[in-house]
Amino acid sequence: NEFFAQFDQATVDQNRRKQSGSSSADAAGRSGRGNASRSGSRPGTRSRRNAGAASESSGKTRRKGGLTAAASRKKQGGSKKAKASGGKYTWLKAAGLICLGLILGVGIYVGVIFMTAPEVDTNNIYSMLNQRSVMYDADGNEIDNLYFSDGNRTIVDYEDMPEDLVNAVVSIEDNNFWSHNGFNFVRMIGAVRDSIFGGGQISGTSTITQQLARNVYLSEIKSQRSLNRKISEAYCTIVLEKNLTKEEIMEAYLNTIYLGFNSYGVQAASQAYFSKNVQDLNTLECAALAALPQSPDTYSIIVADYEGSTTSSLPTVASTDSATYLYNGDISKDRRDMVLRNMEREGYITEDEMNQWLSDDLRNYIKVGVSSSDSMSSYFTDYVVEQLTDDIVSEYGVDQATAQDMIYTGGLQIYTTLDSRIQSIVEEEFDDPDNFAGVAYVRTNSDGALLSDSGEVLLYDYSHYFNDEDQFVLSSDEYTMESDGSMKILAGNRLNIYETEVNGEPDVSIEFKGMYVNEDGIFYFIESGALSIPQGYKTVDGDGNAVISAQFFEDYPDFFVASGDSYVVSSNNYSLKQRTRQPQAATVIMENSTGEIKAMMGGRGTTGEQLFNRATSTRQPGSSIKPIAVYGPGLQMSYEYERDGRTMTLDNSDGSNWGDYITAGSVINDSPINLNGSSWPKNAYSGYRGQMTLRKAVQQSANTCAVKTFQQVGADYSVSMLKKVGITSVDEEGEVNDLNPAALALGGMTNGISPLELTAAYAVFPNGGEYKEPICYTRVLNSEDEVLFEKTSESEQVYDEGVAWIMTDILRTVVTQGIGSSAAIGSQPVGGKTGTSDNDYDAWFSGFTPQYTMALWMGNDVNIELTSGSAMSARFWSAIMSRVCEGLPTESFRDRPDNVISTGGEYYTEGTYSRVSLTPSTTAPESTTAAPTTEAPTTEAPTVPTTGSSSDSGTDPTVPSTEN
18 NEFFAQFDQA
28 TVDQNRRKQS
38 GSSSADAAGR
48 SGRGNASRSG
58 SRPGTRSRRN
68 AGAASESSGK
78 TRRKGGLTAA
88 ASRKKQGGSK
98 KAKASGGKYT
108 WLKAAGLICL
118 GLILGVGIYV
128 GVIFMTAPEV
138 DTNNIYSMLN
148 QRSVMYDADG
158 NEIDNLYFSD
168 GNRTIVDYED
178 MPEDLVNAVV
188 SIEDNNFWSH
198 NGFNFVRMIG
208 AVRDSIFGGG
218 QISGTSTITQ
228 QLARNVYLSE
238 IKSQRSLNRK
248 ISEAYCTIVL
258 EKNLTKEEIM
268 EAYLNTIYLG
278 FNSYGVQAAS
288 QAYFSKNVQD
298 LNTLECAALA
308 ALPQSPDTYS
318 IIVADYEGST
328 TSSLPTVAST
338 DSATYLYNGD
348 ISKDRRDMVL
358 RNMEREGYIT
368 EDEMNQWLSD
378 DLRNYIKVGV
388 SSSDSMSSYF
398 TDYVVEQLTD
408 DIVSEYGVDQ
418 ATAQDMIYTG
428 GLQIYTTLDS
438 RIQSIVEEEF
448 DDPDNFAGVA
458 YVRTNSDGAL
468 LSDSGEVLLY
478 DYSHYFNDED
488 QFVLSSDEYT
498 MESDGSMKIL
508 AGNRLNIYET
518 EVNGEPDVSI
528 EFKGMYVNED
538 GIFYFIESGA
548 LSIPQGYKTV
558 DGDGNAVISA
568 QFFEDYPDFF
578 VASGDSYVVS
588 SNNYSLKQRT
598 RQPQAATVIM
608 ENSTGEIKAM
618 MGGRGTTGEQ
628 LFNRATSTRQ
638 PGSSIKPIAV
648 YGPGLQMSYE
658 YERDGRTMTL
668 DNSDGSNWGD
678 YITAGSVIND
688 SPINLNGSSW
698 PKNAYSGYRG
708 QMTLRKAVQQ
718 SANTCAVKTF
728 QQVGADYSVS
738 MLKKVGITSV
748 DEEGEVNDLN
758 PAALALGGMT
768 NGISPLELTA
778 AYAVFPNGGE
788 YKEPICYTRV
798 LNSEDEVLFE
808 KTSESEQVYD
818 EGVAWIMTDI
828 LRTVVTQGIG
838 SSAAIGSQPV
848 GGKTGTSDND
858 YDAWFSGFTP
868 QYTMALWMGN
878 DVNIELTSGS
888 AMSARFWSAI
898 MSRVCEGLPT
908 ESFRDRPDNV
918 ISTGGEYYTE
928 GTYSRVSLTP
938 STTAPESTTA
948 APTTEAPTTE
958 APTVPTTGSS
968 SDSGTDPTVP
978 STEN
């Protein structure tokens with residue numbers, strides 16, 4: 018009703034304006050012509066004057082004779098006229114009823130549409146819009162934008178929008194914006210007429226307010242040109258005009274419109290095209306944006322070419338590892354020039370200004386807004402999203418899907434801990450192939466498949482699946498054609514067949530097995546792939562075969578192309594996962610004082626988002642576990658025993674000389690444990706070296722000494738200390754678990770440890786025994802700048818400060834005097850430990866400087882031997898950390914705590930020193946005896962894992978450990 022009241026009043030006003038210019042003479046003329054027509058006299062005005070004179074001179078006579086004349090006429094034709102008059106009345110009545118019915122019908126129709134129109138809440142208009150969330154590094158630099166397909170938007174206030182931008186938009190989109198009430202009635206009437214007489218299609222010509230109503234409240238049907246949508250749009254427009262000022266309408270409009278290049282709103286577009294905030298745009302840039310809404314994808318000033326997907330001669334203006342950006346501004350130049358001319362015509366700019374900008378080249382101002390993430394891997398930002406999702410779920414009690422919607426559409430400002438300088442260093446070093454070991458020689462069968470030590474197929478050759486044209490050939494022994502026209506792909510051949518679920522509906526995945534490509538001497542791993550058969554056409558029979566329905570062959574006749582007895586599938590009809598160069602690596606760098614993650618790398622040579630993140634995935638840690646599961650816990654247990662006035666009962670029967678407590682000076686006999694006549698474990702070096710101090714055992718990574726120390730400490734205490742330093746992957750359940758020396762002393766764990774958790778665990782030592790939970794963000798604000806989260810690292814004192822200092826010093830000498838010398842960087846002191854799993858599948862260096870801690874893993878994604886072990890990882894670690902610490906003032910580790918004493922050239926916590934000495938006669942001869950096939954004895958858990966990849970832990974007890 019409100020809409021029609023406005024519409025009717027405007028129509029009345031329009032008619033009055035038309036009539037106000039007409040003279041009374043014109044009105045009389047129109048009236049005279051009308052009377053002449055009715056009377057039948059040709060000269061109408063004269064006939065009227067004569068009739069008037071007769072009336073004045075003989076009025077009485079006319080009245081007197083009137084009845085007679087009337088009676089005469091009635092007799093002659095009264096009956097006929099009465100009939101005519103009655104017919105006319107009936108017709109008018111019918112017409113009136115029809116009109117009334119039409120009006121009522123239209124009213125009901127419009128009323129129903131109004132009742133079903135969306136609710137318009139002008140107080141919270143931006144809640145209807147998706148806004149991108151922005152991630153910042155530790156210095157406040159933008160590093161990533163998070164949004165769904167229509168959410169790359171940042172809301173800005175009207176005051177921050179340049180006057181030239183507003184004027185440019187008004188001049189080209191809605192010249193009467195400031196004066197109308199939301200509608201252009203002339204255009205609206207024409208649109209309705211076109212709908213009635215033009216086959217139901219409504220033409221364009223909406224005002225800015227109508228466009229806003231359509232974009233915000235009618236987004237799902239805004240592409241429709243129907244009368245229903247127009248009426249709904251009119252309703253929303255009325256509410257907007259009634260409740261918002263023109264400035265508020267303009268602000269909302271400029272924040273909602275799509276401007277190409279995946280940019281919604283003028284702020285996102287300003288950043289995308291010009292790398293500046295909207296308030297800093299010049300007149301030409303404003304005109305360029307104003308020219309886009311009519312056809313934003315066609316007129317998009319920049320076109321992104323991903324991996325050569327666009328064949329175009331357009332000039333390149335920017336490029337990253339993942340895309341090339343092309344200038345497309347010439348296509349919109351005519352419309353851009355029209356904007357400038359309109360602005361001059363309306364007085365918004367002068368003629369000189371217009372000519373200046375008309376002659377300028379927009380390309381001079383293009384600076385593609387590529388965020389740091391476009392040239393940086395997504396491992397860290399993906400991890401931030403994961404952590405923030407978990408925190409939102411925990412804080413607000415929502416599910417994960419809702420939490421992710423909040424992140425990708427809520428316009429959040431996420432301030433992360435990332436140091437972009439450090440991350441860039443890591444990225445550059447990961448791009449250098451000289452930092453990586455190679456893939457060792459592997460066995461293959463006649464088909465080129467890689468074989469494990471036991472002869473099982475690890476990976477198939479790419480050519481086992483695809484011919485030279487990248488076509489997959491389904492051979493005759495891999496399928497059968499059924500009588501009903503369906504195809505049965507037989508299980509147990511080259512394709513894996515799995516029953517899955519997609520969007521809550523059952524599906525079947527027909528997948529390629531893992532494969533490799535050896536190209537120019539570089540080994541690539543392809544995890545898997547699948548035939549791209551749509552859901553609904555596949556089932557699995559009782560024998561596990563995949564059945565493809567006959568309907569599929571009717572709907573997709575070109576999918577399987579017959580070639581003799583085989584079928585060929587082109588590369589368009591299957592997908593492969595991204596091929597990854599081998600070996601791979603992963604690392605995390607954490608700031609010791611804050612627990613903040615400063616860099617994260619989860620792999621190399623891959624692009625995209627939500628990649629497999631090796632930095633948060635577990636691998637066998639090898640001897641990297643010894644400081645945190647054996648030696649650190651041993652020193653801490655001794656400290657606690659002495660603090661409580663107790664002495665330890667330690668076993669010296671093997672020729673060791675522990676003293677009263679486990680200390681850095683305790684003497685441990687590097688001799689094998691004899692199990693059924695076999696020696697276990699073996700060391701990386703040849704044989705056994707007899708007695709050595711605990712410090713020396715760490716420096717040389719003696720496996721026997723680690724096992725013997727673990728036996729003194731026990732699995733329960735070891736696991737409790739691992740948990741306190743953030744290790745969550747210890748398997749304590751089942752018959753095959755980690756509660757044994759093979760797992761906890763030598764690193765042959767069921768699951769392993771991730772680089773992230775190992776980094777945080779090692780940081781305990783330079784942090785004076787305090788564990789700091791690693792964090793990836795410090796603050797999160799919503800779109801209204803309200804704080805949602807503020808985060809600092811939670812900490813716990815795990816080790817006594819003196820114990821931590823001694824362990825730090827022991828690990829320092831691993832680098833200065835032991836096998837970790839390749840990790841030295843010169844500018845800062847370094848402490849750390851190497852780690853290599855059995856058969857050189859995994860190679861680690863985990864270490865720290867006074868400022869940072871970093872764990873670095875290197876290995877293949879499948880268990881294939883590396884050409885070199887942990888020494889390579891130590892050099893890689895050094896290459897990164899030396900650059901990270903470049904320019905930093907040289908620091909020392911923490912000062913020695915008061916409870917640490919120095920005696921006989923070694924350090925002890927007070928009360929734990931005992932006089933011990935090395936006894937040369939106990940030195941064990943070298944042994945070449947094979948490792949035992951029986952379980953390694955422990956006092957806590959006798960079960961040794963016998964599954965999983967081999968490692969120096971002895972997860973395969975038939976293989977001796979060779980950790981370094």
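Okay, so the sequence shown: first residue is 18 according to the working numbering, each after it adds one.
The beta carbon of each residue, even a glycine, is placed where N, CA and C say it ideally should be.
Computed from a prediction, not measured in an experiment: that's the story for all the values here.
Asked, Found
"Reference serine 746, options Asn693, Gly731, Gly764 and Glu159, closest by Cα", "Gly764"
"Between the CA atoms of threonine 870 and serine 844 - distance to the nearest angstrom", "15 Å"
"Per-residue DSSP class, three states only, for glutamine 552", "coil"
"For isoleucine 606, the three-state DSSP class (helix, strand or coil)", "strand"
"Start-to-end residues for the beta strand (DSSP E) that takes in proline 523", "522 to 529"
"Cβ-Cβ distance between isoleucine 506 and tyrosine 515 below 9 Å", "no"
"Contact under 9 Å by Cβ, alanine 616 with leucine 435", "yes"
"Same chain, Cβ closer than 6 Å to alanine 305, neighbours up to 5 away in sequence not counted", "Arg353 and Leu379"
"Buried or exposed by the 16-neighbour rule on C-beta atoms within 10 Å, applied to alanine 454", "buried"
"Stretch-stretch touch, CB-based, cutoff 8 Å, three pairs: the stretch 303 to 317 with the stretch 331 to 338", "no"
"The stretch 389 to 408 contacting the stretch 433 to 450, beta-carbon criterion three pairs below 8 Å", "yes"
"Element boundaries [alpha helix (DSSP H), containing tryptophan 894]", "887 to 901"
"Segments of 3+ residues assigned as beta strand (DSSP E) that fall wholly inside the stretch 449 to 480", "474 to 478"
"8 Å Cβ shell around methionine 654 - same chain, five flanking residues per side excluded", "Met665, Ile679, Val730 and Tyr734"
"For aspartate 161 and glutamine 601, believed in contact at Cβ under 8 Å, the rounded distance", "Not really, about 23 Å apart at Cβ, beyond 8 Å."
"Contact belief for alanine 860 with methionine 898 at Cβ below 8 Å, rounded distance in angstroms", "Contact doesn't hold; Cβ gap of about 17 Å is too wide."
"Counterpart residues of tryptophan 697 in DSSP-defined beta bridges", "Ile690"
"Residue environment, methionine 498, which counts as buried when at least 16 other CB atoms sit within 10 Å", "exposed"
"Start and end residues, beta strand (DSSP E) containing lysine 263", "From DSSP, lysine 263 is part of no beta strand (DSSP E) but of the alpha helix (DSSP H) over 263 to 273."
"Alpha carbon of glycine 546 to alpha carbon of asparagine 510, nearest angstrom", "15 Å"
"Span separating the alpha-carbon of alanine 321 from that of glycine 277", "11 Å"
"Reduced DSSP secondary structure (H/G/I, E/B, other) of threonine 664", "coil"
"Buried or exposed (CB count within 10 angstroms, at least 16 for buried), threonine 920", "exposed"
"Helix, strand or coil at aspartate 161 according to DSSP, with G and I counted as helix", "strand"
"Nearest residue (CA-CA) to lysine 741, options Pro846, Glu774, Gly904 and Leu935", "Glu774"
"From Asp501, Gly553, Phe540 and Ser492, residue whose alpha carbon lies closest to that of asparagine 520", "Gly553"
"Reference leucine 873, options Thr884, Glu882 and Ala891, closest by Cα", "Ala891"
"Candidates Ser610, Gly531, Tyr344 and Gly168: closest to glutamate 790 by CA position", "Ser610"
"Cβ-based burial, cysteine 116 [other Cβ within 10 Å; buried from 16]", "exposed"
"Beta-carbon spacing of isoleucine 431, valine 797 below 9 Å", "yes"
"Within 9 Å, strictly: CB atoms of isoleucine 690 and threonine 721", "yes"
"Where valine 847 sits in the DSSP three-state scheme", "coil"
"Buried versus exposed call for arginine 712 [16 or more other C-beta atoms within 10 Å across all chains shown]", "buried"
"Buried versus exposed, by CB contacts within 10 Å (16 or more), tryptophan 108", "exposed"
"Residue range of the alpha helix (DSSP H) that includes glutamine 404", "396 to 413"
"Alanine 632 - DSSP class collapsed to helix/strand/coil", "helix"
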